[in-house]
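Okay, so here's the structure we're looking at.
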Amino acid sequence: MIKQIYSLVNYNESVATMDAGADHIGLVPMQSGGVPAHRVPFDVVDRIFNEAKKRGVKCVAIMLNKDPDEMMFITKRLNPDIIHIAGMDFTADAAFADRLHKECKGVELMQAVLVDGPAAVGRAKEFAKFCDYILTDSGLAADTGIGASGLTHDWNIDAEIIKSVNIPVIMAGGLGPDNVEECIRQVRPYGVDSLTKTSYKYNDGIMEKDISKVREFCEKADKISKELWL
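Residue 1148 is where the sequence shown starts when you use this note's numbering, and the numbers rise one by one after that.
Below is the structure:
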């Protein structure tokens, strides 16, 4: 079971997150979209990604802008393992996927799918034709795109998506130590993602990882996966 932890902002918390059991780490590199306080300067991203790659942890660059040229520039500059298209104003299509795979060899494409009802299944099936991963998530905000709401959604829709596509599905949306075991037991996705419930959020909007919660999330995900032989 892949444990994916978002949204890191500095080197020390990134190392602590990996030490706590994360298999994928995600952050928002400096770009034209997203919350300014959560954007990470390129030199810091370099340090984080270099350490992750030494450990065999996959690096995810979260894209919250609308400009495919900017996304390509960031991807070429940082060389993540995966780019995650998180907005609704811009979503990946076959032409974008083809350009990414030609210009950024080895970089995989993850598209967020807003689980807002049964129509999410059809959207996921279309994205699965050219993406490498689907990430299912809850909520939509102008500054953070799909996700970061801390809310859960109807897991039955995720289960239907998993049955309907032939690429890995990572589940997000209000997952934390309190419900990750039940999520995995019910749906059995490829991976589980946590942001809100494994973070402190301060009044000024700054977020910081709660490493004890990250460790608990990862341990519980591993425990139930072992029990279920996943």
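Yeah, the Cβ is synthetic: ideal placement off N, Cα and C, and Gly gets one too.
In three-state DSSP terms, what is residue i?
i	result
His1300	coil
Lys1287	Residue identity differs from the one stated: residue 1287 is Leu in this sequence, not Lys. The answer is strand: DSSP assigns Leu1287 an E or B state.
Ala1233	coil
Met1148	coil
Tyr1280	strand
So if DSSP puts residue i in a beta bridge, which residue, or which two residues, is it bridged to?
i	result
Met1354	Lys1348
Cys1206	Ile1172
Glu1255	Ile1229
Val1162	None, per the DSSP bridge assignment.
Flag residue i as yes if its beta-carbon sits less than 7 Å from any beta-carbon of chain B, otherwise no.
i	result
His1248	This model lacks chain B altogether; it includes just one protein chain.
Whose C-beta lies closer than 7 Å to the C-beta of residue i among residues of the same chain, with five residues either side of it excluded?
i	result
His1300	Val1262, Ser1285, Gly1320
Which residues in the same chain have their Cβ closer than 6 Å to the Cβ of residue i, if we skip the five residues on either side of it in sequence?
i	result
Gly1352	Ala1184
Gly1338	Ile1149, Gln1151, Ile1317
Count the other CB atoms, across all protein chains shown, that sit within 10 Å of the CB of residue i; report buried if there are 16 or more and exposed otherwise.
i	result
Arg1186	buried
Pro1378	Absent from the model: residue 1378. The displayed extent of the chain is 1148 to 1377, so no value can be given.
Asn1197	exposed
Asp1305	buried
Phe1274	buried
Phe1220	exposed
Asp1340	buried
Output the boundary residues of the beta strand (DSSP E) element that contains residue i.
i	result
Asp1340	1338-1341
Gly1173	1171-1176
Val1316	1316-1318
Would you kindly report the start and end of the unbroken alpha helix (DSSP H) that includes residue i?
i	result
Met1218	1215-1225
Lys1201	1189-1202
Val1268	1266-1274
Within the same chain, show all residues whose beta-carbon is closer than 8 Å to that of residue i, passing over the 5 residues directly before and after it, in chain order.
i	result
Arg1332	Ile1371, Leu1375
Ser1161	Leu1155, Ile1172, Leu1174, Ile1195, Glu1198, Ala1199
Can you determine whether any heavy atom of the ligand MG sits closer than 6 Å to the C-beta of residue i, and answer yes or no?
i	result
Ser1154	The ligand MG is not part of this structure, which contains no ligands at all.
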